[in-house]
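Each number in the working numbering comes from the position in the sequence shown (counting from 1) with 147 added on. For glycine and all other residues, C-beta sits at the position ideal for the given N, C-alpha and C. Computed from a predicted structure; not experimentally measured. The next block holds one structure in the form of structure tokens; read it before the comments.
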Amino acid sequence: MEVVLLEPVAKLGKIGEIVTVKNGYARNYLIPRGAALRANKENIAIFEEKKKEIEAKNDDKKKAAEALAKKLDGVTVTIIRQAAEDGRLYGSVTVREISEHIRGDGFEVDSKSINLLNPIRSVGAYDVTVSLYAEVDAKIKVNVARSESEAENQLSEELDAEKAEREAQKQASVEGAIRAAEAAKKAAEQAEKEAAEASESEEAEANEEE
């Protein structure tokens, strides 16, 4: 189905673009949430007539999404589920369940905004991206555990691991800068040496000519 976009849609297009999408995607997602209209003459004319109004509304939506992203970024969602001894869940954690927990924390987030390639099937702490608007994302952590104490331990271990990784990257960056400075110093010394040798050679040639 061809639709005209009423707001930018990631990996699809910008406001006003006419794009071809699957019928189900258009009928069940884009059109119901006001992101697009079926691309017929009447709807295209409506878009052109209200273009400035639509663009203004989208600016407001983007600002609201950016404000929400600042609040949501870094939030940890804890989900307690039963699991086997090896950590495998009895069932799985889906985007719908994550969305419900986020809303329970006071954030209005649609399940379709949560980017989860596959359902979560094991206990652990997972980094999940929430797409709030085109090019406006928030990063949250979904902590799935069998108990509150296990959730706290997992989160602590995850934060320690992230801290260690940041420190390692920082150290690597410092060491890289030191190596670069040493290489630059050696190159400068070599250039100075070659310049001195060239100068001595020119002086020697000049003396011979005299």
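C-alpha distance - Leu219 paired with Lys340, whole-angstrom precision:
In a straight line, the C-alpha of Leu219 is about 58 Å away from that of Lys340.
If you follow the alpha helix (DSSP H) that Asn290 is in, where does it begin and where does it stop?
For Asn290, there is no enclosing alpha helix (DSSP H); the residue is found in the beta strand (DSSP E) stretching over Val283 to Ala292.
Closest by C-alpha distance to Thr223, when choosing among Ala331, Gly163 and Gly271
The shortest Cα separation from Thr223 among Ala331, Gly163 and Gly271 belongs to Gly271.
Based on the DSSP secondary-structure assignment, which residues constitute the bridge partners of Asp274?
Lys288, per the DSSP bridge assignment.
Delimiting residues of the alpha helix (DSSP H) encompassing Leu184:
Following the DSSP letters along the chain, one finds Leu184 in no alpha helix (DSSP H) but inside the beta strand (DSSP E) bounded by residues Ala183 to Arg185.
Using the C-alpha atoms, what's the distance from Phe194 back to Thr167?
In this structure, the alpha-carbon of Thr167 lies about 17 Å from that of Phe194.
With 8 Å as the threshold, decide whether the Cβ of Glu295 is near any Cβ in chain D.
No chain D appears in the structure shown, which is made up of a single protein chain.
What is the residue span of the beta strand (DSSP E) that Arg268 lies within?
Where Arg268 is concerned, the enclosing beta strand (DSSP E) stretches over Ile267 to Ser269.
From the DSSP secondary-structure annotation, give me the bridge partner or partners of Ile226.
Paired residues: Val291.
CB Leu152 to CB Lys161, shorter than 8 Å?
Going by C-beta atoms, Leu152 is nearer than 8 Å to Lys161.
Starting from Ile245, trace the beta strand (DSSP E) in both directions and tell me its first and last residue.
Per DSSP, Ile245 belongs to no beta strand (DSSP E); it is in the alpha helix (DSSP H), Val242 to Gly251.
Taking DSSP's pairing of strands, which residues face Val321 in a bridge?
Residue pairing by DSSP leaves Val321 without any beta bridge partner.
Unbroken beta strand (DSSP E) run spanning Leu152, endpoints:
Run containing Leu152: Glu149 to Leu152, per the beta strand (DSSP E) assignment.
In whole angstroms, what separates the C-alpha of Ala203 from that of Glu149?
Rounded to the nearest angstrom, the gap between the Cα atoms of Ala203 and Glu149 is 24 Å.
Where the alpha helix (DSSP H) containing Ile193 begins and where it ends:
In this chain, the alpha helix (DSSP H) harbouring Ile193 covers Lys188 to Glu196.
Have a look at Asp252 and Arg326 and give me their C-alpha separation to the nearest angstrom.
Approximately 47 Å, taken between the alpha carbons.
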